[in-house]
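Working notes for the structure below.
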Amino acid sequence: MAEGIAFLKRNCICGVLGMDYVGREVILNGWVNRRRDHGGLIFVDLRDRSGIVQVVFDPSHAPEAHAIAQEVRTEYVLAVRGIVRKRPAGTENPELPTGEVEVVAREAEVLNPSETPPFSHQDRTQTDEFIRLKYRYLDLRSPRMQANLELRHLAAQTVRAFLTEEGFWEVETPILFKPTPEGARDYLVPSRVSPGNFYALPQSPQTLKQLLMVAGVEKYFQLARCLRDEDLRADRQPEHTQIDMEMSFVEPDDIFDVVERMLQRLFQETIGAELKIPFERITYAEALRRFGTDKPDMRFPLELVDLTDLVANSQFQVFSRTVASGGQVKGINAKDCACYTRSQLDNLTDFAKQHKAQGLVWLLVKEGPVLESPVAKFLSEEEQAGLIERFQARPGDLLLIVADQPAIVAESLDWLRREMARRMGLIQPGAWKPLWVVEFPMFAWNEEEKRWEAEHHPFCMPHPDDLDLLDTDPGRVRAQSYDLVINGVELASGSIRIHRRDIQQKIFDLLGITPEEAEKRFGFLLKAFEYGAPPHGGIAPGFDRLVMMLAGEENIREVIAFPKTQRAQCLMSGAPCEADPQALRELHIKVELPPQE
RNA sequence: GGGGCUGUAGCUCAGUCGGUUUCAGAGUGCCGGCCUGUCAAGCCGGAGGUCGCGGGUUCGAGUCCCGUCAGCCCCGCCA
């Protein structure tokens, strides 16, 4: 081997060292995690991916190695040859997995020095994310990020192993493709050899996986990168990974079954958590009625109670007028919260108003039970008794009521319900409550554009009982679609697809997609469906969100090696950046920016 | 496209009412010295700042106002 390249190569890793290694000579390679210079003895905590071990440099035993240890600094890459020995009595470090032993250095070699790092994961402070992202390769050295990367890897391997056992094939689909029918903005890639034409980066492999069903693959999956040019959030990146799945000859139950067992195994093998299967199921309509949202957090009760009929003729006009104008009156019972102070109640009212409610009616349940509230005098005895009964209220409870149009009642009470669960400490740490939400509406009415839109996507199969409604009342058509919600987070979305040309045509008609447009956008798919498309369906659990959940992270960036900022930039590399003029010429692209001040 | 929070030393932050012996400060890191059992080593010393950037108000701005840039959170959008 050439001079300067040969080095003291490791034959052991740091994290495994323990009493069973005592007396052995090992060679370790790693980074200087910390150095403690006592003038005579120097201690170096050497770190590799597996962990940290203390190396002792003693000038009286190995002066040359000691001299090198004097020169090294944090994050230097170091090779050490030495003897593992039990630490002297009283100097063991119980905080460190390898803390019973240490390595007495005989020889050391600096494999590479390091600049002083701009920040250290050993600081007790939390480094600003801007700095972490700029030096992401340093940030990824932290135990937290290493653990997240490993967890993500383990999750991917578990999913692959499980689906392989179930007979799925992993098929890679192209990244350069056509716009997908998902409704988000596409990332476009210009074609050099076909001037003026563009690829779209896939928002999902939706059409391709359906083609794989036509192709007879029967069970497909892919850890698929999905790209959408939309604004970012704590749980949204421009590129994310889905466990994309599709199966032939299935009904929703078949898909639920395989996903439930997959997640059960995934939670078990990554974090040792037990998911009970089958998961609970409710319809979209029921979710909205009971929780005000299509992704309810089932870790706590606080269900919405409907009072609309009870107060329809109330003297309290906030209630009766709302009902008369087609609105609803609903509320939640916050058990044992009647002790809330006036300022706490005002604070809750503000919270409800921030989430679109016009106001919040609160009633304290006192001994009797009787209701205490500024509005109590407007409520008849029957109404008060009815409220107490309907809320199953007991002295000490706090009733929170919103009267408004149904959508606003749902939204504000959903927020209020989650906020009260937080304030009341109703969420048990480590609780997992998966839930299938089924039978989403097929269409949503776009008021601005005065037309129907697909709630999921246009290849979603309508509920068999609702096929007639396609002609008469599209708004009531339920889709054979389903979401998987865990702890209030939407984790997967899927459906049974349309494999019959006549139904597909009807859907396109309703969505206002002309035959010409359908031909242009998905002609390749429709054509394929004419050659014996099997009944099929699928689902796509969001892999980043899953890992985020398993890792207990609040932010998707913590489980992605090189994430982007909210402005979709990579602070480390500076992407996106200007293109080379020559490259633009070859692509026949002229950049025209808005005038600058 | 909109709302909110943040921006002061490499990093994490304090900086009160606009001034005066707190106005360029602390901890940590860094550099140097001492130190043979530390593990957040210790002790002594030192260097280090365009207070994000631009403009304005004022006798005087880290501090007040306007604009702008960047990061984060949220709404819209989207999964």
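In the numbering used here, the protein residues as written are -14 to 582. Each residue gets a CB set at the ideal place from its N, CA and C atoms; glycine is no exception.
Counting only unbroken stretches of 3 or more residues, the beta strand (DSSP E) elements lying wholly within the segment 141 to 183 are 173 to 175, in sequence order. Excluding its 5 nearest sequence neighbours in each direction, I116 has C-beta neighbours in its own chain below 7 Å: P103, F104, listed in chain order. Your pair D321 and D382 checks out as a contact, with CB atoms roughly 7 Å apart and the cut at 8 Å. Under the three-state reduction of DSSP, M446 is assigned to coil, being neither helix nor strand. CA-to-CA, the gap between L81 and R66 works out to about 21 Å. For N332, the enclosing alpha helix (DSSP H) begins and ends at 327 to 339. Beta-carbon to beta-carbon, Q188 and E157 are separated by about 17 Å, too far to satisfy the 8 Å threshold.
With a threshold of 16 other beta carbon atoms within 10 Å, A47 meets it and is buried. Among the bridge pairs identified by DSSP, Q191 is matched with none. At a Cβ-Cβ threshold of 8 Å, S365 and Q300 count as neighbours. Segment contact: the segment 93 to 101 against the segment 51 to 69, three or more CB-CB distances shorter than 8 Å; contact assigned.
Check the Cα spacing between P263 and each of T255, A169, L248, Y269: the tightest is with L248. Annotation for R284: I412, Q413, A416, K418, N472 place their beta carbon closer than 7 Å to its own, counting only its chain and skipping 5 residues before and after. For H23, the number of other beta carbons within 10 angstroms of its own is below 16, and it is reported as exposed. Counting only runs of at least 4 residues, the segment 227 to 299 fully encloses the following alpha helix (DSSP H) elements, listed from N- to C-terminal order: 237 to 256, 269 to 276. Closest in alpha carbon position to P380, among K362, R402, G353, A406, is G353. Comparing alpha-carbon positions, the option among F428, L186, E10 lying closest to I492 turns out to be F428. When the Cα atoms are used, G537 and D113 turn out to be separated by approximately 20 Å. If you check the CB distance, L356 and A439 do not come in under 8 Å.
Between the segment 271 to 282 and the segment 507 to 522, the count of C-beta pairs closer than 8 Å stays below three; the two stretches do not touch. In the DSSP secondary-structure assignment, R463 is bridged to P426. Within the same chain, Cβ atoms closer than 7 Å to the Cβ of F183 are found at L173, V174, P175, S176, the five residues on either side in sequence being excluded.
Shown here for S35: same chain residues with a beta carbon closer than 8 Å to its own, the five before and five after excluded, namely I(-2), C(-1), G0, V1 in chain order. Relative to the Cα of Q191, the nearest Cα in the group V202, E224, M230 belongs to M230.
Annotation for V360: no beta strand (DSSP E) segment contains it, and DSSP assigns it neither H nor E. Around the beta carbon of T457, fewer than 16 other beta carbons sit within 10 angstroms, so the residue counts as exposed. Here Q39 is buried. Its C-beta has 16 or more other C-beta atoms within 10 Å. About 5 Å separates the beta carbon of G371 from that of L295, a gap short enough to meet the 8 Å contact definition.
Collapsing the DSSP output to three states places E135 in a helix. Non-local C-beta neighbours of R(-5) in its own chain, meaning closer than 6 Å and more than five positions away in sequence, comprise I12, L13, N14, ordered along the chain. Here A319 is buried, its C-beta having at least 16 other C-beta atoms within 10 Å. The segment 565 to 580 makes no contact with the segment 135 to 145: fewer than 3 CB pairs, one atom from each, lie closer than 8 Å. For P223, same chain residues with a beta-carbon under 8 Å away, outside a window of 5 residues either side, are Y172, L212, R213, D214, E215, L217, K549, A553 in chain order. Here D33 carries a strand assignment [DSSP, helix/strand/coil]. Listed in chain order, the alpha helix (DSSP H) runs fully inside the segment 0 to 61 are 48 to 56, counting runs of at least 4 residues. Around the C-beta of I(-10), fewer than 16 other C-beta atoms lie within 10 Å, and the residue is accordingly described as exposed.
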